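**Student:** Read left to right, the sequence shown gives residues 446 to 916 (the working numbering).
For reference, the structure I am asking about is given below.
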Amino acid sequence: MAIPKKINTITCIGAGYVGGPTMAVIAQKCPEIKVNVVDINPKRIEAWNDSDLDKLPIYEPGLKEVVADARGRNLFFSTEIDEGIREAEMIFISVNTPTKTYGLGKGMAADLKYVELCARQIARVAKEDKIVVEKSTLPVRTAQSIKTILEAESNGQQFKVLSNPEFLAEGTAITDLYNPDRVLIGGDEDENGQIAIQALVDIYAHWVRRENIITTKIWSSELSKLTANAFLAQRISSVNAISALCERTGADVDEIARAIGADSRIGPKFLKSSVGFGGSCFQKDILNLVYLCRHFNLPEVGDYWEQVVKMNDYQKHRFAKQIIDSLFNTVSGKKIAFLGWAFKKDTNDTRESAAIYVAHDLMSDLAEIHVYDPKVSKEQIIKDLKIVSSSTEEFEKMQSLIHFHDEPYSAMNEAHAIAVLTEWDEFIQYDWQKIQKKMLKPAFVFDGRNILDKDKMNMFGFKYKGIGKGE
Ligand SMILES: NC(=O)c1ccc[n+]([C@@H]2O[C@H](COP(=O)([O-])OP(=O)(O)OC[C@H]3O[C@@H](n4cnc5c(N)ncnc54)[C@H](O)[C@@H]3O)[C@@H](O)[C@H]2O)c1
């Protein structure tokens, strides 16, 4: 037996936001490779197999076309995990790695129990040598733990572990996968490690230029992913910190972003001020980085990165407080329309969305929240509120204060205020003049994404407050 050089079959464990789109693109670009995507969640798999492509479990522009192209040809979704493991020469682990909610490292460290379960299952089931690829975002040196488990549980098979973190952004997953800035592959320096790296390089080389495929030592690859997310989130927190100062001084944060972004050393991307970043990754990955720093006895480094998350929390609470302050110090019984619930546009993902925390703060002050989001379901919003409730009573209270709308106008009709929580393009196109006429006066708009034109909104008679826009 030997580490496979040529890959005929890939199996990916985890059919989520990363596993689904990533494997769909690999299958589309490598028609000669069979790609299985397996998951323990039968409902998710059923949705991936739905003949109605609008019912895929994940909304991403362009995804349904890719699935339509490859599904049933060389892309298969199933709950047969053991069979998938046996059949494949290369196995991707793309399961969730949430923040631990219990025990040592609670609230900070990544919970690796799902990854560990996968490693044990692979070792138990595999009959031949395999390449195991970490696609999930993992703390540095996890590959060593995976290797130890694989070796301890196996029946003499060899495994090579690679790190291949995913850099796609939700909302642009397909274009990011088609044209990645880089693909990163980390592996061991020994001969088998190099064979494994080459096998994965050959897959990506079907559509990614070789100079954009970076190969590194395994620890560097693992730590690069956490570092990339920490740097991205840091930029958002930095510009958000300046937005608070803008509001006190009358400066305009968008003008500042434009001015500093023109400096080629800074660059224009990721400088948009907002109510705060969300998504399943930034907060979890930074907290994980903080935990690692403290674990390796680097408290000053940990404190430095933790401030990025603290600033983000501050921004969400500051936004909610501004709404309460502006509405004459109480929102009790007032109708507040929420435009958007997803953490960003072009996705139905709501994990860690700023909307959840702003709604929680406002409902603590007994506001009536009326939500419209083009892609997020009522059931998902209720689940999100449950997660942030501290007790059953609080959850019940919030359920009585939240209202759902299938279209935007009823959400805003006779509202005291509108809060823009997601930057969906359609919000910009609304007939704002008509909306103003149907609201209670003064009609407030709190633009948490700075997508509306301040001058126009003021001209229509709104009291417009953007993030970092001064008075
Ligand atoms: N979402 C993103 O934008 C993004 C981007 C880059 C990296 N990542 C990382 O990728 C990983 C996956 O993220 P995601 O957003 O796809 O998560 P997700 O929650 O959408 O999907 C994970 C899937 O794994 C399945 N799963 C869990 N344990 C399993 C097991 N033992 N066997 C089979 N299936 C199992 C779950 O049922 C779920 O469907 C995480 O580590 C995340 O940090 C996410």
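C-beta: ideal position from N, C-alpha, C; glycine also.
Computed from a predicted structure; not experimentally measured.
1) What's the C-alpha gap between Ala-515 and Arg-569?
2) Would you tell me roughly how many angstroms separate the C-alpha atoms of Val-865 and Gln-752, rounded to the nearest one?
3) Look up Tyr-462 in the DSSP assignment and say whether it is helix, strand or coil.
4) Can you have a look at Leu-607 and say buried or exposed, based on whether 16 or more other CB atoms are within 10 angstroms of its CB?
5) Using the DSSP secondary-structure output, state which residues sit across from Ala-862 in a beta bridge.
6) Please confirm whether Phe-788 and Gly-893 have their CB atoms less than 8 Å apart.
7) Whose C-alpha, out of Ile-663, Lys-729, Ile-687, Ser-599, is nearest the C-alpha of Ala-555?
8) Mind checking Tyr-909: buried by the 16 CB within 10 Å criterion, or exposed?
9) In terms of residues, what are the limits of the alpha helix (DSSP H) holding Tyr-623?
10) For Val-585 versus Trp-664, is the C-beta spacing smaller than 8 Å?
11) Tell me the start and end of each unbroken beta strand (DSSP E) in the segment 622-704 that is at least 3 residues and wholly inside, in chain order.
12) My assumption, with CB atoms under 8 Å, is that Leu-808 sits in contact with Ile-814. Please give the rounded CB distance.
13) Do you know how far the Cα of Leu-671 is from the Cα of Tyr-623?
14) Return the bridge partner residues of Val-482 from the DSSP annotation.
15) Taking a contact to mean a Cβ-Cβ separation below 8 Å, would you say Glu-859 touches Met-884 in this structure?
16) Applying the criterion that 16 or more other CB atoms from any shown protein chain within 10 Å of the CB defines a buried residue, is Asp-806 buried or exposed?
17) Quick check on DSSP: helix, strand or coil for Ile-826?
18) Using only the heavy atoms of ligand 1, determine whether one of them is closer than 7 Å to the beta carbon of Thr-867.
19) Closer than 7 Å by C-beta to Ile-896: which residues in its own chain qualify, once you throw out the five before and the five after it? Chain order, please.
20) Ile-630 to Ser-798, Cα distance in whole Å?
21) Taking DSSP as the reference, what is the three-state secondary structure of Ile-536?
22) For ligand 1, any of its heavy atoms closer than 7 Å to the Cβ of Ala-492?
23) According to the Cβ coordinates, are Glu-611 and Val-463 closer than 8 Å?
24) Anyone know if the C-beta pair for Ser-683 and Ile-912 falls short of 8 Å?
25) Alpha carbon to alpha carbon, how far is Val-470 from Thr-454? Give it in angstroms, no decimals.
26) Kindly indicate which residue of Pro-506, Val-512, Lys-572 has the alpha-carbon position closest to the one of Pro-476.
27) Considering only heavy atoms of ligand 1, does any lie closer than 7 Å to the CB of Cys-726?
28) Phe-521 and Ala-481 - do their beta-carbons sit closer together than 8 Å?
29) Could you tell me which residues DSSP puts in a beta bridge with Ala-555?
30) Is it true that the CB of Glu-579 sits closer than 8 Å to the CB of Ile-591?
**Tutor:** Let's see:
1) As the crow flies, the alpha-carbon of Ala-515 is around 30 Å from that of Arg-569.
2) Roughly 25 Å separates the two Cα atoms.
3) If DSSP states are grouped into helix, strand and coil, Tyr-462 belongs with coil.
4) With 16 or more other Cβ atoms from the protein chains shown falling within 10 Å of its own Cβ, Leu-607 counts as buried.
5) Per DSSP, the beta bridge partners of Ala-862 are Ile-781, Phe-889.
6) Taking C-beta atoms as the reference points, Phe-788 and Gly-893 fail to come closer than 8 Å.
7) Closest option to Ala-555, judged by alpha-carbon separation, among Ile-663, Lys-729, Ile-687, Ser-599: Lys-729.
8) Tyr-909 should be labelled buried.
9) Element bounds for Tyr-623: 618-623.
10) The Cβ atoms of Val-585 and Trp-664 sit closer than 8 Å to each other.
11) The qualifying runs are 628-632, 658-662.
12) Checking the displayed sequence, the identity of residue 808 turns out to be Met instead of Leu. Indeed, because the Cβ distance is near 6 Å, the residues count as touching under 8 Å.
13) Rounded to the nearest whole angstrom, the C-alpha separation of Tyr-623 and Leu-671 is 22 Å.
14) DSSP output for Val-482 lists Cys-457, Phe-522 as bridge partner(s).
15) Going by C-beta atoms, Glu-859 is nearer than 8 Å to Met-884.
16) With 16 or more other Cβ atoms within 10 Å, it is buried.
17) Helix.
18) No - ligand 1 has no heavy atom lying nearer than 7 Å to the Cβ of Thr-867.
19) Contacts found: Val-865, Glu-868, Phe-872, Ile-873.
20) About 30 Å.
21) Three-state DSSP puts Ile-536 in a strand.
22) No.
23) Yes, Cβ-Cβ distance for Glu-611 and Val-463 is below 8 Å.
24) The answer is no: Cβ separation not under 8 Å.
25) Those two C-alpha atoms are separated by around 15 Å.
26) Considering only alpha carbons, the answer is Val-512.
27) The answer is yes for Cys-726.
28) First, the amino acid is wrong: residue 481 is Asn here, not Ala. Asn-481 is a Cβ neighbour of Phe-521, given a cutoff of 8 Å.
29) According to DSSP, Ala-555 shares a beta bridge with Thr-544.
30) The Cβ atoms of Ile-591 and Glu-579 sit closer than 8 Å to each other.
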